[in-house]
Amino acid sequence: MVRYRVLLVEDDPVIAKSVKLNLELEGWECVHAANLAEAKVAEAGGPLSLVILDLGLPDGSGLSFLKELREKNSRLPVIILTAQTDEASVVTGLESGANDYVKKPFSLKELVARVRVVMREPALRENQVRFGPLLILKESRTATVAGVQIELNRREFEILTYLADHAGQVVTRERLLDALNADGEVTDRTIDSHISHIRARFKKADVQHVAITSVYGVGYRLEDKSDVVP
Numbered sequence: 009m010v011r012y013r014v015l016l017v018e019d020d021p022v023i024a025k026s027v028k029l030n031l032e033l034e035g036w037e038c039v040h041a042a043n044l045a046e047a048k049v050a051e052a053g054g055p056l057s058l059v060i061l062d063l064g065l066p067d068g069s070g071l072s073f074l075k076e077l078r079e080k081n082s083r084l085p086v087i088i089l090t091a092q093t094d095e096a097s098v099v100t101g102l103e104s105g106a107n108d109y110v111k112k113p114f115s116l117k118e119l120v121a122r123v124r125v126v127m128r129e130p131a132l133r134e135n136q137v138r139f140g141p142l143l144i145l146k147e148s149r150t151a152t153v154a155g156v157q158i159e160l161n162r163r164e165f166e167i168l169t170y171l172a173d174h175a176g177q178v179v180t181r182e183r184l185l186d187a188l189n190a191d192g193e194v195t196d197r198t199i200d201s202h203i204s205h206i207r208a209r210f211k212k213a214d215v216q217h218v219a220i221t222s223v224y225g226v227g228y229r230l231e232d233k234s235d236v237v238p
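Residue numbers (our numbering): 9 to 238.
Right under this line is the structure:
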């Protein structure tokens, strides 16, 4: 039997006790944290297999913990728990990198089943980069935004991956050339062309929250537009 080590972040002691018991009955170890502070200590304390994350916590939103994980490029799978009417938080959670969600009140059997499904997903074991709703799977060479796959050719995928690896930074054309030009076929002009094609593919897929911004005379920066108010 696989020995998962699950971090449960839940401030309701009744829910926490029931979930912990059911996970342990499956043969998995369950570490309980009642707030964000305890969750950060637990996450730093040893390897985890999965996080079950309540959004409404006494010292802040569980989304902040999720975003911190993804900003560190952590591939740790996360299932969020949310109140029945909290649809906005569900969407935000998925766009922030959650793998699944369960609405309260929930069936313990359903939660255990969702843990099993998430842990079986090959993408969770693959080298990947997350930036906001953007997920890049390096081995399978696929890119998705909020679950929508973006069709990219080889060079476009390599450029987007490099920008995602350095998300938020200004990446000069020289750095891109050094990273991509092993065979000498890439030039300043072709980089600009590939960037234009990536933007067109984003537009075709109706990508709203991730954009490649030009920094005049310098290069490009991958930005998360989720928090930008129109």
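By construction, the Cβ of each residue, glycine as well, lies at the ideal position given by its N, Cα and C atoms. Nothing here was measured: the structure is a model prediction, and the numbers come from that model.
Same chain, Cβ closer than 7 Å to Asp-232, five either side skipped, listed in chain order: Phe-139, Gly-140, His-217, Val-218
Rounded C-alpha distance that separates Lys-212 from Ile-203: 14 Å
Beta-carbon separation (whole angstroms), Leu-61 vs Ile-88, contact threshold 8 Å: 5 Å
CB of Ile-144 within 8 Å of CB of Gln-136, strictly: yes
Environment of Leu-171 [buried if 16+ CB atoms lie within 10 Å]: buried
Contact check, Ala-47 vs Leu-15, beta carbons under 8 Å: yes
Paired residues, beta bridge with Val-156 - DSSP: Val-153
Contiguous beta strand (DSSP E) assignments of at least 3 residues, all confined to the region 95–146: 108–112, 136–139, 142–145
Euclidean distance between Cα positions of Arg-54 and Glu-103: Checking the displayed sequence, the identity of residue 54 turns out to be Gly instead of Arg. About 26 Å.
Nearest to Pro-21 (by Cα), restricted to the options Glu-32, Arg-128, Asn-43, Arg-13: Asn-43
Endpoints, the alpha helix (DSSP H) within which Ala-91 is located: Counting along the chain, Ala-91 falls outside any alpha helix (DSSP H), though it belongs to the beta strand (DSSP E) covering 86–91.
Beta-carbon gap between Leu-119 and Val-125 smaller than 8 Å: no
Bridge partners - Asp-232, DSSP secondary structure assignment: Val-218
Under 8 Å between C-beta atoms of Tyr-12 and Leu-63: no
Exposure of Val-10, with buried meaning 16 or more beta-carbon neighbours within 10 Å: The predicted model places Val-10 with a pLDDT of 44, which falls under 50 and marks its position as unreliable; any figure quoted below should be read in that light. By the 10 Å Cβ count, Val-10 comes out exposed.
DSSP state of Ala-41 mapped onto helix, strand, coil: strand
Proximity below 8 Å, CB of Leu-142 to CB of Arg-209: no
Where Glu-18 falls, given that 16 or more other Cβ within 10 Å makes a residue buried: buried
Alpha carbon of His-40 to alpha carbon of Lys-28, nearest angstrom: 8 Å
Arg-13 - partner residues in DSSP beta bridges: Glu-37
Cα-Cα separation, Glu-182 to Gly-225: 12 Å
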